[in-house]
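Q: Numbered by the working numbering, the letters in the sequence shown go through residues 279 to 596 in order. Using N, Cα and C, we set each Cβ at its ideal position, and we do this for glycine too. Got a structure for you, questions after.
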Amino acid sequence: MNARTDTALLQTPANGRSQHLSTAQLDALEEESIFILREVVAAFERPALLFSGGKDSLVMLWCAAKAFGAGRIPFPLLMIDTGHNFPEVTAFRDQRARELGAELIVRSVEDSMARGSVRLAHPDESRNVHQSVTLLEAIEELRFDALIGGARRDEEKARAKERIFSHRDGFGQWQPKAQRPELWTLFNTRLQPGEHFRVFPISNWTELDVWQYIARENIALPSLYYTHPRQVVRRRGLLVPVTALTPARDGECIETRQVRFRTVGDIPCTCPVESPAATAHEIVHETLAADMSERGATRMDDQTSEASMEKRKKDGYF
Numbered sequence: 279m280n281a282r283t284d285t286a287l288l289q290t291p292a293n294g295r296s297q298h299l300s301t302a303q304l305d306a307l308e309e310e311s312i313f314i315l316r317e318v319v320a321a322f323e324r325p326a327l328l329f330s331g332g333k334d335s336l337v338m339l340w341c342a343a344k345a346f347g348a349g350r351i352p353f354p355l356l357m358i359d360t361g362h363n364f365p366e367v368t369a370f371r372d373q374r375a376r377e378l379g380a381e382l383i384v385r386s387v388e389d390s391m392a393r394g395s396v397r398l399a400h401p402d403e404s405r406n407v408h409q410s411v412t413l414l415e416a417i418e419e420l421r422f423d424a425l426i427g428g429a430r431r432d433e434e435k436a437r438a439k440e441r442i443f444s445h446r447d448g449f450g451q452w453q454p455k456a457q458r459p460e461l462w463t464l465f466n467t468r469l470q471p472g473e474h475f476r477v478f479p480i481s482n483w484t485e486l487d488v489w490q491y492i493a494r495e496n497i498a499l500p501s502l503y504y505t506h507p508r509q510v511v512r513r514r515g516l517l518v519p520v521t522a523l524t525p526a527r528d529g530e531c532i533e534t535r536q537v538r539f540r541t542v543g544d545i546p547c548t549c550p551v552e553s554p555a556a557t558a559h560e561i562v563h564e565t566l567a568a569d570m571s572e573r574g575a576t577r578m579d580d581q582t583s584e585a586s587m588e589k590r591k592k593d594g595y596f
């Protein structure tokens, strides 16, 4: 679709009638994100973009290529690898970094485990929360003063509290009651030694905006974002993929369903949703009808309590 098109054509399965959905807001969101990315480069000495290979980080990378030019992105891409990532995503991550000529830095939770800075309560525990430790170690090692992340305010309550330029203290912790004002897009970027910022260029985007932008710009994504057959079991109201890391339990019935992933994280805590959507335009239509956020519908680690994300963010999580 042409980047200047202000409407997208949707086909409504129920009645077959065409509907026009405005995409005019995408230009303003893209412009804001590019402005923020350029502000980061102007204000900080050693920024990096947190890059998982998921849809939000791929949208940020697309905006970065527009802001600076492919092959000229002036900061590295940093991936915190749990060792339990979907192989389709890590392969796509490497491919996209090569295509854009961007430097890719990978740090592993397994290395933190070997050093003893991460200790699992049991071998089957999700490593997702432990990424915070590995990330803080990478920040100290590589002296990053700003980490650009793909969090959006519509995802979860704690993320809705974040500023775009979110200050982290010398311990890498977030203090939600001590955030700096951001009036008229004026960002206070002052830092004391050992402190850093997390910066969220797509903070004001919604899941619908992201998928409209992916459709408009024709951004390539890992295949598991689109419908595919997968073996799953039903557990706690979610579809859990059957893998070597998440095997079926005694008494559970394995089904093969047509599913897609709305968000992609650590395999043991990320669930797909049933969907026939094979294109970004079809996912736009599904997103319009969704009544639950993508994290609430698919992430087991966010269902432990209403404050689980806020606690993790205070401890240094993305």
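(1) Between the stretch 477-496 and the stretch 422-441, do at least 3 Cβ pairs fall closer than 8 Å?
(2) My guess is that LEU464 and PHE364 are in contact by the Cβ rule of under 8 Å, so how many angstroms apart are they, rounded?
(3) My assumption, with CB atoms under 8 Å, is that TRP489 sits in contact with THR541. Please give the rounded CB distance.
(4) Is it a yes or a no for the stretch 440-458 touching the stretch 496-511, going by three-plus beta-carbon pairs under 8 Å?
(5) Measure the alpha-carbon distance for ILE497 versus GLU440 and round it to whole angstroms.
(6) Would you mind stating whether PRO423 and ARG324 have Cβ atoms separated by less than 9 Å?
(7) Among ALA526, SER444 and ARG538, which has the Cα closest to the Cα of GLU560?
(8) Which partner residues does ARG397 have in the DSSP bridge list?
(9) Does DSSP put MET570 in a helix, in a strand, or in coil?
(10) So for PHE449, helix, strand or coil by DSSP?
(11) List the endpoints of the continuous alpha helix (DSSP H) containing LEU378.
(12) Give the DSSP-derived three-state secondary structure of THR548 in the structure shown.
(13) Going by the beta-carbon positions, is the gap between GLY361 and SER330 smaller than 9 Å?
(14) According to DSSP, what are the bridge partners of ASP359?
(15) Measure the CB-CB distance between ARG316 and LEU339 and report whether it falls below 9 Å.
(16) Is the shortest distance between the beta-carbon of GLN453 and the beta-carbons of chain B less than 9 Å?
(17) Is it buried or exposed, CYS531, if we count other Cβ atoms within 10 angstroms and call 16 or more buried?
(18) Alpha carbons only, please: which of ALA558, PRO546 and ALA568 is nearest the one belonging to LYS333?
(19) Which partner residues does HIS506 have in the DSSP bridge list?
A: Working from what's here:
(1) They touch, by the three-pair rule.
(2) Contact flag wrong, Cβ pair sits at about 39 Å.
(3) Your pair TRP489 and THR541 does not check out as a contact, with CB atoms roughly 12 Å apart and the cut at 8 Å.
(4) Touching, no.
(5) About 27 Å.
(6) Pro is not the amino acid found at residue 423; the sequence shown has Asp there. With respect to ARG324, ASP423 sits close: the two C-beta atoms are nearer than 9 Å.
(7) Closest option to GLU560, Cα to Cα, is ARG538.
(8) None, per the DSSP bridge assignment.
(9) It is coil, neither helix nor strand.
(10) In the structure shown, PHE449 sits in coil (DSSP, three-state: anything other than H, G, I, E or B).
(11) It spans 365-378 - the alpha helix (DSSP H) in which LEU378 sits, taken as one unbroken run.
(12) Residue state, collapsed to three classes: strand.
(13) In this structure, GLY361 sits away from SER330, with a CB-CB distance that is not shorter than 9 Å.
(14) Bridge pairing for ASP359: SER386 [DSSP].
(15) No, the Cβ-Cβ distance between ARG316 and LEU339 is not below 9 Å.
(16) The question asks about chain B, but that chain is absent: this structure has only one protein chain.
(17) Around the C-beta of CYS531, fewer than 16 other C-beta atoms lie within 10 Å, and the residue is accordingly described as exposed.
(18) Minimum Cα distance to LYS333 is reached at ALA558.
(19) Per the DSSP secondary-structure output, HIS506 pairs in a beta bridge with VAL537.
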